[in-house]
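Novice: Under the working numbering, the first residue of the sequence shown carries the number 1, and numbering increases by one thereafter. No residue lacks a Cβ here, since even glycine has one placed at the ideal position from N, Cα and C. Being a predicted model, the structure only gives us computed values, none of them experimental. Dumping the structure here so I can ask a few things about it.
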Amino acid sequence: ARERGGEWVEALNLCNMVTPRQVCFNTITFNAAINTSEWKRALRWFSVMFRSNVEVDPQTFNASISACAKDGNWEKALQAAGAMAQDAVESNTFTFNTGISACGTNDAWDNALQLLHTMTRTAVGVDTIACSAVINACGTSNKWETVIQILSVMAHREVASNIITFNAAVSACEKNGDWKMALELLRAMAQYCVQCDTTTLNAAMSACGKGSEWERALWLGTQMKQGQLKPNTVTCGAATSACEKGGGWRRALEVLREITQDILESNTTVFNAAISACEKAGEWEMALQLFGVIAQKNL
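Right under this line is the structure:
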């Protein structure tokens, strides 16, 4: 009752005042205590539960894994998952997804991938949340080839992809500068009827910019407007930077004017790219004008 009322601190204090020998603690009692504890306290309750010969269930392990994951302690989360397998307690989707997310937020992409492989060999099966979390972990660690492999597995197993899945995949391509794969993913999104958002197109534009495909980057910018998506400073920066790298200084300035009409503020990165484009083209007068704009905007 106290847990539902939000008075979990007082509830834990009451539990600490007694021992399992004084009060008949059961699985529900321990699960509630673990579920409302930070990871160290949760694992202590977990240990007491074993010593007291109280039956553990999937919720016990899931609560322990979740407590470790919330504090970013992915190693302890994996240890709890391992103990779950040793005790022949059946894992479920929540178990794997929590463990994968814990690994993904702590750059342990290989552990996240291993959990996904384990998931494919169990009756649980993979789902969109698990695949998206692993894709995000691999993309953050620049393992873009692994990202593409996971997408293939998802298609083969008929696991639905969503905007989170594709955004993580396109971002992985952007980090690697693989503009061709980024565009392929955009086409795949259309095939799966997944609507692009500003984040998707910004990442694809940046990937094209890194590959000196500034015209393609600008084309993506027009697609954003046609899709009634609102560009932001990231969009402006990606487009301007792409033009600067491709030597299209005039178009870089046009992009700057177009997008600053849609957004109230810009940033120094955008102007620096435009100034650099002018410098490479020998347009020093235009570069000076941009410096004046920067001064007016107090950037």
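Report, in whole angstroms, the separation of the C-beta atoms of Ala-67 and Ile-34, which I expect to be a contact under 8 Å.
Specialist: Along the sequence shown, read from residue 1 onward, the residue named residue 67 stands at position 67. Along the sequence shown, read from residue 1 onward, the residue named residue 34 stands at position 34. Confirmed, about 7 Å.
Novice: Look up Val-54 in the DSSP assignment and say whether it is helix, strand or coil.
Specialist: Looking up residue 54 in the sequence shown gives position 54. If DSSP states are grouped into helix, strand and coil, Val-54 belongs with coil.
Novice: What is the DSSP secondary structure of Cys-193, counted as helix, strand or coil?
Specialist: Position 193 of the sequence shown, counted from the first residue, corresponds to residue 193. Of the three classes helix, strand and coil, the one that applies to Cys-193 here is coil, per DSSP.
Novice: Closest to Asn-73 by C-alpha separation, out of Ala-108, Gly-209 and Thr-60, would be which residue?
Specialist: As a position in the sequence shown, residue 73 is number 73, starting the count at 1. Nearest C-alpha to Asn-73: Ala-108.
Novice: Pull up the CB-CB distance for Ala-242 and Met-205, whole angstroms please, since I reckon it's below 8 Å.
Specialist: As a working note, residue 242 is residue 242 in the sequence shown. As a working note, residue 205 is residue 205 in the sequence shown. With a Cβ gap of about 6 Å, Ala-242 and Met-205 count as contacting.
Novice: Measuring only the C-alpha atoms, how far is Thr-98 from Val-194?
Specialist: By 1-based counting over the sequence shown, the position of residue 98 is 98. By 1-based counting over the sequence shown, the position of residue 194 is 194. Going from the Cα of Thr-98 to the Cα of Val-194 covers about 25 Å.
Novice: Please confirm whether Leu-218 and Leu-201 have their CB atoms less than 9 Å apart.
Specialist: The sequence position of residue 218 within the sequence shown is 218, counting from 1. The sequence position of residue 201 within the sequence shown is 201, counting from 1. Cβ distance not < 9 Å, so Leu-218 and Leu-201 don't count as in contact.
Novice: Looking at Ala-80 and Phe-61, is the spacing between their C-beta atoms short of 9 Å?
Specialist: Along the sequence shown, one-based indexing puts residue 61 at 61. Along the sequence shown, one-based indexing puts residue 80 at 80. Yes, the pair counts as a contact, with Cβ atoms nearer than the cut-off.
Novice: Shortest alpha-carbon distance to Gly-177 belongs to which of Gly-104, Leu-116, Gly-211 and Asn-167?
Specialist: The sequence position of residue 177 within the sequence shown is 177, counting from 1. The candidate whose alpha carbon is nearest that of Gly-177 is Gly-211.
Novice: For Thr-36, which three-state DSSP category applies?
Specialist: By one-based count along the sequence shown, residue 36 stands at place 36. Coil.
Novice: List the endpoints of the continuous alpha helix (DSSP H) containing Val-134.
Specialist: To locate residue 134, count along the sequence shown from 1; it is residue 134. Its alpha helix (DSSP H) spans residues 128–140.
Novice: What residues in its chain sit with their C-beta under 8 Å from that of Ala-1, if we drop five residues either side in the sequence?
Specialist: In the sequence shown, counting from the first residue as 1, residue 1 sits at position 1. Residue placement at Ala-1 is poorly supported in this model, since its pLDDT is 44, which falls under 50; the coordinates still yield a value, given next. Answer for Ala-1: no residue qualifies.
Novice: Excluding the 5 residues flanking Ala-112 on each side, which residues of the same chain have their C-beta closer than 6 Å to its C-beta?
Specialist: Position 112 of the sequence shown, counted from the first residue, corresponds to residue 112. Same-chain partners within the cutoff: Ile-100, Cys-103, Gly-104, Val-134 and Ala-137.
Novice: Could you check which residue in Asp-71, Thr-93 and Ser-64 has the C-alpha nearest to that of Ala-83?
Specialist: On the sequence shown, position 83 is the one that residue 83 refers to. For Ala-83, the closest alpha carbon among the candidates Asp-71, Thr-93 and Ser-64 is that of Ser-64.
Novice: Measure the alpha-carbon distance for Thr-36 versus Leu-116 and round it to whole angstroms.
Specialist: Here residue 36 refers to the residue found at position 36 when the sequence shown is read from its first residue. Here residue 116 refers to the residue found at position 116 when the sequence shown is read from its first residue. Cα to Cα, the separation comes out at about 27 Å.
Novice: What number of angstroms, rounded off, separates the C-alpha of Trp-179 from the C-alpha of Cys-208?
Specialist: Taking the sequence shown and counting its residues from 1, the one referred to as residue 179 is at position 179. Taking the sequence shown and counting its residues from 1, the one referred to as residue 208 is at position 208. Separation of Trp-179 and Cys-208 (C-alpha to C-alpha, rounded to the nearest whole angstrom) is 5 Å.
Novice: For Phe-30, which residues from the same chain have a beta carbon less than 7 Å from its beta carbon, with the 5 sequence-adjacent residues on both sides left out?
Specialist: As a first step, residue 30 must be located in the sequence shown, where it is residue number 30. Once the five neighbours on either side are set aside, the close Cβ partners of Phe-30 are Trp-45, Met-49, Val-54 and Thr-60.
Novice: Considering Ser-171, what are the terminal residues of the alpha helix (DSSP H) in which it resides?
Specialist: The sequence position of residue 171 within the sequence shown is 171, counting from 1. 163–176 is the extent of the alpha helix (DSSP H) around Ser-171.
Novice: Thinking just about the alpha-carbon of each residue, which of Ala-238, Ala-123, Ile-148 and Gln-191 is nearest to the one in Leu-131?
Specialist: The sequence position of residue 131 within the sequence shown is 131, counting from 1. The displayed chain sequence assigns Cys, not Leu, to residue 131. That would be Ile-148, whose Cα lies nearest to the Cα of Cys-131.
Novice: Going by CA-CA distance only, name the one from Gly-139, Ile-164, Thr-27 and Thr-146 that's closest to Ser-52.
Specialist: Position 52 of the sequence shown holds residue 52. Residue Thr-27 is the option with its Cα nearest to Ser-52.
Novice: Return yes when the Cβ of Ile-150 is within less than 9 Å of the Cβ of Cys-196, no when it is not.
Specialist: Locating residue 196 in the sequence shown gives position 196, where the first residue counts as 1. Locating residue 150 in the sequence shown gives position 150, where the first residue counts as 1. Against a cut-off of 9 Å, the Cβ pair of Ile-150 and Cys-196 comes out as no contact.
Novice: If you draw a straight line from the alpha carbon of Lys-143 to that of Val-56, how long is it in whole angstroms?
Specialist: What you label residue 143 is simply residue 143 of the sequence shown in a count that begins at 1. What you label residue 56 is simply residue 56 of the sequence shown in a count that begins at 1. Spanning the two alpha carbons is a distance of roughly 37 Å.
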